Amino acid sequence: MEIFGVIFDKSGFSVDYCWCENCGFCFSPELHGWALADFEKYVYNAEYLKIDPDYMEVRPSNNAGRVIESFDGNDRKIAHLDFGGGAGVLSNKLVEAGWNSISYDPFVNKDTSVSKLGSFDLITAFEVFEHVPDVNKLMNDLAVLLRQDGVILFSTLISDEYISKENKLDWWYAAPRNGHISLFSQQSLAIMAAQNNFYFGSISESYHLFWRGKPSWAAHLLP
14 MEIFGVIFDK
24 SGFSVDYCWC
34 ENCGFCFSPE
44 LHGWALADFE
54 KYVYNAEYLK
64 IDPDYMEVRP
74 SNNAGRVIES
84 FDGNDRKIAH
94 LDFGGGAGVL
104 SNKLVEAGWN
114 SISYDPFVNK
124 DTSVSKLGSF
134 DLITAFEVFE
144 HVPDVNKLMN
154 DLAVLLRQDG
164 VILFSTLISD
174 EYISKENKLD
184 WWYAAPRNGH
194 ISLFSQQSLA
204 IMAAQNNFYF
214 GSISESYHLF
224 WRGKPSWAAH
234 LLP
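First residue of the sequence shown? That's 14 in my numbering, and the numbers climb one at a time after it.
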């Protein structure tokens, strides 16, 4: 099996995806039942970097630059959490730039309870949503962590133009080997936002926002 130019032996797993006609959410039922240990063994193992070499340093560094640029001059007003932040590279870059920032990742911070993290003005979650087996838990966690006038900036590629009832699923983003098991339409994100009393808007096909109030430091991004 070839993924992004890398040859892998067959895993022995058959991974199917289900698609909701009503909201457009697409997910893999088999992988949604896995525990963290299963993902560590079969997905986020020693070979993971072969298919996502930018995961460790390049992408979090680039995203740190995006955050700094987006909220330039407001860093000292913002308590920031990078949710699903891996080894904490993005958060460390922000701290070096003078931010009040911490990182949390369920695979890295296994002994840390979400309820003990505190509350935050800004939560980032880059390349997180598509990897999450339980999106309801993710939304519940974010709702607990976000302050009343806070903002969530996250990335996931919208599926609207790529998944339909009429066509076989052949979208490159539907890639269980690199952990892409939850695929979101614009409508499914809007529904999740409403269920958690968030407003929702998209900056692009890949970058999106949830928010409650409209803080002055984020007004330029919010519709």
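Where a beta carbon is used, it is the ideal one built from N, C-alpha and C, also for glycine.
Since the structure is predicted, the reported quantities are computational estimates derived from the model, not experimental observations.
Excluding the 5 residues preceding and the 5 following W184 in the sequence, name in chain order all residues of the same chain whose CB lies nearer than 8 Å to its CB. S172, Y175, I176 and L196
Which ranges would you report for the beta strand (DSSP E) in the segment 32-107 if only whole runs of at least 3 residues count? 92-96
If you follow the beta strand (DSSP E) that L155 is part of, which residue opens it and which one closes it? No beta strand (DSSP E) contains L155, which is instead part of the alpha helix (DSSP H) from V148 to L158.
I'd like to check one pair, A110 with D88: are the Cβ atoms closer than 8 Å? Result yes, Cβ atoms of D88 and A110 sit closer than 8 Å.
Report all residues from its chain with a CB closer than 6 Å to the CB of K227; omit the five preceding and five following residues, and keep chain order. Leaving aside the five residues that flank K227 on each side, the residues in its chain whose CB is nearer than 6 Å to its CB run, in chain order, L235.
Taking 6 Å as the limit between beta carbons, can you name the residues of its chain near N113, skipping five residues before and five after? In the same chain as N113, and ignoring 5 residues on each side of it, the C-beta atoms closer than 6 Å to its own belong to A92, in chain order.
Are there 16 or more other CB atoms within 10 angstroms of the CB of D29, so buried, or fewer, so exposed? exposed
What is the C-beta distance between S74 and V102, in whole angstroms, given that I count them as a contact (C-beta under 8 Å)? 6 Å
According to DSSP, residues forming a beta bridge with T137: Under the DSSP definition of a beta bridge, T137 partners with D95 and L166.
Please classify V157 as buried or exposed, where buried requires at least 16 neighbouring CB atoms within 10 angstroms. exposed
Roughly how many angstroms separate the alpha carbons of I115 and G131, rounded to a whole number? 11 Å
Please list the terminal residues of the continuous beta strand (DSSP E) segment that includes S116. Its beta strand (DSSP E) spans residues N113 to Y117.
Spatially closest choice to L202 from I194, F223, H45 and H233, by CA coordinates: Closest option to L202, judged by alpha-carbon separation, among I194, F223, H45 and H233: F223.
Can you tell me which of L155, I165, F142 and M152 puts its alpha carbon nearest to the alpha carbon of L135? That would be I165, whose Cα lies nearest to the Cα of L135.
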